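In terms of UniProt numbering, the sequence shown is residues 1 to 317. First comes the structure, then the notes that go with it.
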Amino acid sequence: MTDVPGAAPEPVPGPGAVLVLGEALIDLVPTADDAEARLAQPGGAPANVATGLARLSTPSWFAGALGSDGFARSIERRLVSAGVELGLCARPDLPTALAVADPGPEGTGYHFHLQSTATFQLPRRTDVERFAAVYVGGLAAVVEPAASAVAATASAAAAGGPLLVVDPNVREDRTIDPRDGARRLRELCELGQVVKASDEDLARLWPDSTPDETCRRLADGGRLVVLTRGSRGSTAYTGSAEPVSVPAVRVEVVNTIGAGDAFMAAMITWMVSRGVHPGGAREFTPALAEEMLGFASRVAASVVAQAGTEPSLPAHA
1 MTDVPGAAPE
11 PVPGPGAVLV
21 LGEALIDLVP
31 TADDAEARLA
41 QPGGAPANVA
51 TGLARLSTPS
61 WFAGALGSDG
71 FARSIERRLV
81 SAGVELGLCA
91 RPDLPTALAV
101 ADPGPEGTGY
111 HFHLQSTATF
121 QLPRRTDVER
131 FAAVYVGGLA
141 AVVEPAASAV
151 AATASAAAAG
161 GPLLVVDPNV
171 REDRTIDPRD
181 GARRLRELCE
191 LGQVVKASDE
201 DLARLWPDST
211 PDETCRRLAD
221 GGRLVVLTRG
231 SRGSTAYTGS
241 AEPVSVPAVR
251 VEVVNTIGAG
261 DAFMAAMITW
271 MVSRGVHPGG
281 AREFTPALAE
291 EMLGFASRVA
301 ASVVAQAGTE
311 PSLPAHA
């Protein structure tokens, strides 16, 4: 980034810091007492990941955009209270995007209010070499003008430096072009050294292949690929080695919103704490993959077993 005369210098990330690029928005979720009422809850997959990283004691830098309304102030309070660094955020004078959650037996669907909001006015980050890892994904990867910023930042990370971690987190809505969005997410997955995706994500992005076939193909390119299946657990694909599967931790389900983001934050925390570098995705042994998946599953379970979306470290991390 270019220094502005008279402006305060940007804070410098320390060792092991993770850059999270993407949206922070408001989820409107049904309340337990009244099916017709909606609770405004800070969300957005990247903001959830940034918060989760900080809650897991991983230095977390959120490069998003925070607007000028009361919702933006709620989002900022949540991020700051978790310990997320916001010095790289844009601050446009616009309202915050809304996602209306619609939980059902097959998962949670969303209807979005995105246009003319601050949420997607993302800064472009090309100085990614200062970070141990860069996370991209979510709505910001497919909604302009954020999508161009995400693509540029991901390309800079893939060219050398940090570990590029991609979670496509596919969302469908009348305001999102399904073909263009799928193309952008496929390109990000091909760039990433680590890809975490649900079986539903992969079925939407590569409908002509099974999720297992897609994971094997992506892993053959030297990536670490993790497939999540909700209550059916997760599987890691590491090149020519046989996939490694770990069951989901059994808990009484209170909430599923944010569980996948907690799993992602736990994966990144595990990799950064062990110094996994961009080429290190090729070096995952089955034992390491099993250890990482087990840790991430326990962290995700801490979200599923409560009403909120804030993860916590397992008792035996």
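We treat Cβ as the ideally placed atom computed from N, Cα and C, and that holds for glycine. Source: prediction; values computed, not measured.
With the rule of 3 Cβ pairs closer than 8 Å, the region 226–242 does not count as touching the region 124–136. The bridge partners DSSP lists for Ser60 are Val18. Arg298 carries a helical assignment under DSSP once its states are collapsed to helix, strand and coil. Residue range Asp199 to Leu205 is occupied by the alpha helix (DSSP H) that includes Asp201. Here Leu21 is not near Ala265, since their CB atoms are 7 Å or more apart.
Beta bridge pairing from DSSP links Thr235 with Leu227 and Ser245.
Around the C-beta of Thr269, 16 or more other C-beta atoms lie within 10 Å, and the residue is accordingly described as buried. Under the DSSP assignment, Gly70 falls in the alpha helix (DSSP H) whose first and last residues are Gly70 to Ala82. Residues Ala236, Thr238 and Val244 of the same chain have their beta carbon placed closer than 7 Å to that of Ala289, with the five preceding and five following residues left out of the count.
Per DSSP, reduced to three states, the secondary structure at Arg183 is helical. If you check the CB distance, Asp27 and Gly43 come in under 7 Å. Boundaries cannot be given for Pro123, as no alpha helix (DSSP H) includes it and DSSP labels it neither H nor E. Secondary structure of Glu190 (DSSP, three-state): helix. Secondary structure of Leu288 (DSSP, three-state): helix. DSSP lists no beta-bridge partner residue for Leu94. The region 164–171 makes contact with the region 196–204; the number of CB pairs closer than 8 Å reaches 3 or more. Rounded to the nearest angstrom, the gap between the Cα atoms of Glu283 and Phe71 is 43 Å. With a cutoff of 7 Å on beta-carbon distance, Ala133 and Pro162 are scored as near each other.
Non-local C-beta neighbours of Ala17 in its own chain, meaning closer than 7 Å and more than five positions away in sequence, comprise Pro59, Trp61, Phe131 and Ala132, ordered along the chain.
Rounded to whole angstroms, the gap between the alpha carbons of Tyr110 and Ala45 is 13 Å. Residue pairing by DSSP places Glu85 opposite Trp61 in a beta bridge. DSSP, read as helix, strand or coil, puts Gly52 in helix. Assigned with DSSP and collapsed to three states, Ile26 falls in strand. Put simply, the backbone Cα of His113 is about 10 Å away from that of Asp173. DSSP places Asp261 inside the alpha helix (DSSP H), whose first and last residues are Ala259 to Ser273.
A check of alpha carbon separations from Gln115 across Leu139, Ala90, Leu88 and Gly280 identifies Leu139 as the nearest.
Going by C-alpha positions, Val84 is about 26 Å away from Ala281. For a cut-off of 8 Å, the C-beta gap from Val29 to Ile257 is around 7 Å, short enough to register as a contact.
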